[in-house]
Amino acid sequence: MINKLLILVFAAFVSHIGAAQTYEGKYLEANYDESKVPEYNLPDVLFSFEGKSIKTVEDWEKFRRPEIVDFFAQNLFGEVPTPSSPIKKSFKLISVDQTIFNGLCTRKDVLITFENEMGKVTMPFVLFVPTSSKIKVPVILLANGDDIKRKSLKLNSPQSYGKTENGIPLHQLMSRGIGVATLDYQAFGIDSGNKEGKVSEGISNLFFKDGQEFTKENEWGMIAIWAYALRAGMDYLETDNDVQKNQVATLGCSISGKVALWAAVTDTRFGMTLLATAGHGGDAIWRREYGETLQNMCDYLPTWICRNATNYAKNVHAMPVDQHSLLATMAPRPFYVSNAQHDLWADQRGQWIGTYHATPSYQLYKKNVAFTSDKQPAINQPIIKSTIGYHVRSGVHGLELYDWEQFMKFIEFHFLNIEPRSVEEVYK
23 MINKLLILVF AAFVSHIGAA QTYEGKYLEA NYDESKVPEY NLPDVLFSFE GKSIKTVEDW
83 EKFRRPEIVD FFAQNLFGEV PTPSSPIKKS FKLISVDQTI FNGLCTRKDV LITFENEMGK
143 VTMPFVLFVP TSSKIKVPVI LLANGDDIKR KSLKLNSPQS YGKTENGIPL HQLMSRGIGV
203 ATLDYQAFGI DSGNKEGKVS EGISNLFFKD GQEFTKENEW GMIAIWAYAL RAGMDYLETD
263 NDVQKNQVAT LGCSISGKVA LWAAVTDTRF GMTLLATAGH GGDAIWRREY GETLQNMCDY
323 LPTWICRNAT NYAKNVHAMP VDQHSLLATM APRPFYVSNA QHDLWADQRG QWIGTYHATP
383 SYQLYKKNVA FTSDKQPAIN QPIIKSTIGY HVRSGVHGLE LYDWEQFMKF IEFHFLNIEP
443 RSVEEVYK
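For the sequence shown, our numbering assigns the number 23 to the initial residue and increments by one for each residue that follows.
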């Protein structure tokens with residue numbers, strides 16, 4: 023029992039610290055030396071697994087995009103299992119508070135319930151919208167494990183990735199006419215660190231057959247489970263009369279960035295995704311073998327991904343895809359990538375390479391991508407007026423106010439169809 027407890031404690035420690043490693047030094051045998059990055063060839067986004075050249079949107083949507091998404095579902099994140107009986111989902115509005123910031127903001131607390139013959143799981147959900155808006159508003163759906171049952175506006179769970187000192191910049195969001203929602207996806211299941219494939223309690227119990235304890239090799243890990251939670255959040259947002267349902271953007275930091283991306287890729291109801299230092303499994307390519315590796319993830323964070331991922335752990339170069347391929351499947355929808363200058367574990371250089379090489383699918387749709395070359399943009403020089411947005415900021419791993427403000431400008435440009443505003447212009 024003690025040994026099992028130590029394993030769980032160690033796994034939780036690695037999960038929290040590993041995602042934020044930013045300084046020079048060995049960590050899980052990570053490579054932080056550019057001279058040791060191996061030679062690699064990135065798979066061409068516009069060539070199918072069978073070598074067919076993809077030249078039209080029709081071919082992309084009919085053949086290429088589905089095979090990329092299916093590969094990631096079968097070999098990295100895992101598929102959603104088929105439940106033993108249909109799952110009934112329901113929403114209950116618990117409370118409405120219109121007093122926040124002297125009436126600027128309305129808070130709605132909702133309880134989402136999932137139930138079938140195997141049991142019942144509930145997930146708290148909260149939505150903030152501008153009270154006085156005369157139109158339906160775009161919404162950021164923030165992926166995090168926050169305890170939202172309290173009325174704190176901060177990300178206050180010790181297991182919550184992407185903490186910011188001042189939490190969600192709620193007043194500025196409301197002042198820009200942007201809603202924000204978040205959900206307690208750890209109510210869906212907590213990363214147990216179990217190396218044998220039992221991902222967690224929670225929602226997985228509703229999908230297990232009677233007596234089943236472990237996921238199958240191609241079935242979901244925690245990233246896919248939490249992405250399922252975001253899709254359930256979208257189910258609620260579609261019912262809310264204050265929300266412009268085709269203007270919902272997922273947002274996540276670190277592991278939650280991987281969750282936000284996978285949710286948006288697998289559910290095209292989401293109109294955008296916003297990634298903050300998402301790293302490997304998000305926007306950073308695996309083939310550089312810089313910072314976190316797939317082998318690290320399989321060894322120390324195995325419940326994040328499906329068990330089939332071990333097939334490529336020792337040879338990521340054998341994969342017919344890389345993370346640029348997954349980013350490309352967002353087309354034609356906008357996405358934004360935020361990197362940090364000193365984020366070595368997430369490989370900010372590899373994040374830029376992944377972002378840049380996602381562009382060919384956007385060219386099929388004749389979408390504007392404002393990258394003038396493959397040279398990484400300068401620090402703190404955001405690219406906003408582009409279908410693919412990007413910045414690398416000074417600092418380290420995390421979700422900072424600077425990131426939030428670029429995301430808000432990106433939403434203004436794409437969803438509100440206005441010139442992106444500075445903070446001074448918002449409050450003048």
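Just so you know, even glycine gets a beta-carbon here, dropped at the ideal spot from N, CA and C. Here the structure is a predicted model, which means the values were calculated and not measured.
Here Thr-377 really is in contact with Leu-349; their C-beta atoms are around 6 Å apart, less than 8 Å. Short of 8 Å from the beta carbon of Val-148, and not among the five residues preceding or following it, lie these beta carbons of its own chain, in chain order: Arg-129, Lys-130, Asp-131, Val-132, Ile-170, Ala-203, Thr-204 and Leu-205.
Of the candidates Val-418, Gln-428, Asp-262 and Gly-420, Gln-428 places its Cα closest to the Cα of Tyr-412. The beta carbon of Ile-406 sits closer than 8 Å to the beta carbons of Gln-428, Lys-431, Phe-432, Phe-435 and Pro-442 from its chain, once the five residues preceding and following it are set aside; these are given in chain order. For the 7 Å CB-CB criterion, Val-118 and Ser-383 do not form a contact. The alpha-carbon separation between Asn-227 and Phe-69 amounts to approximately 39 Å. Distance from the CA atom of Gly-100 to the CA atom of Lys-238, rounded to whole angstroms, is 9 Å. Contact check between the region 105-121 and the region 81-95: fewer than three CB pairs, one atom from each, fall below 8 Å, which does not count as touching. In the three-state scheme derived from DSSP, where H, G and I count as helix and E and B as strand, Glu-441 is classed as coil. As the crow flies, the alpha-carbon of Ser-408 is around 27 Å from that of Phe-150. For Phe-147, the enclosing beta strand (DSSP E) has its first and last residue at 141-152. Separation of the CB atoms of Gly-189 and Pro-152 is rounded to 18 Å, and the pair is thereby denied contact status at 8 Å. Under the three-state reduction of DSSP output, Ser-106 falls in the coil class, being neither helix nor strand. With a contact defined as Cβ atoms closer than 8 Å, Arg-415 and Ser-360 qualify at about 7 Å.
For Tyr-358, the closest of His-193, Ile-162 and Ala-251 by C-alpha to C-alpha distance is Ile-162.
Distance from Asn-97 to Asn-333 at the Cβ level is roughly 7 Å; contact confirmed, criterion being Cβ atoms closer than 8 Å. Cα atoms of Glu-89 and Val-418: separation of roughly 35 Å, rounded to the nearest angstrom. Here Gln-266 has Lys-158, Val-159 and Pro-160 as same chain residues with Cβ atoms under 7 Å from its own Cβ, once five neighbours each way along the sequence are excluded. The DSSP-derived three-state label of Tyr-334 is coil. Classified as buried, Gln-269 has 16 or more neighbouring CB atoms from the shown chains inside 10 Å of its CB. If you draw a straight line from the Cα of Pro-354 to the Cα of Leu-283, it is about 14 Å long. In the DSSP assignment, Gly-279 falls within the unbroken alpha helix (DSSP H) covering 277-288. Annotated as distal: Asp-305 and Gln-208, with beta-carbon spacing of 7 Å or more. Our two residues, Ala-362 and Ile-410, have alpha carbons roughly 17 Å apart in a direct line. In the three-state reduction of the DSSP assignment, Asp-262 falls in the coil class, being assigned neither a helical nor a strand state. Take the alpha-carbon of Ile-375 and the one of Ile-307: they are about 7 Å apart. Two segments are said to touch when three or more pairs of C-beta atoms, one from each, lie closer than 8 Å; by this definition the region 312-321 does not touch the region 248-257.
Boundaries of the alpha helix (DSSP H) harbouring His-346: 345-350, taken from the DSSP string. Within a 10 Å sphere around the beta-carbon of Lys-280 sit 16 or more other beta-carbons, which makes this residue buried. Selection Pro-60, Asn-124, Ile-109 and Glu-235 evaluated against Val-143 yields Ile-109 as nearest (Cα-Cα).
Between the C-alpha atoms of Thr-272 and Lys-77 there is a straight-line separation of about 29 Å. Runs of the beta strand (DSSP E) lying entirely within the region 389-421 and spanning at least 3 residues, in chain order: 410-415. Exclusion of the five residues before and after Pro-65 leaves Pro-342, Val-343, Asp-344 and Ser-347 as the residues of its chain whose Cβ lies within less than 7 Å of its Cβ. Counting of Cβ neighbours within 10 angstroms places Ser-276 among the buried residues, the total reaching 16 or more. The Cβ atoms of Gly-274 and Ala-165 lie closer than 7 Å to each other. Your pair Met-196 and Val-287 does not check out as a contact, with CB atoms roughly 29 Å apart and the cut at 8 Å.
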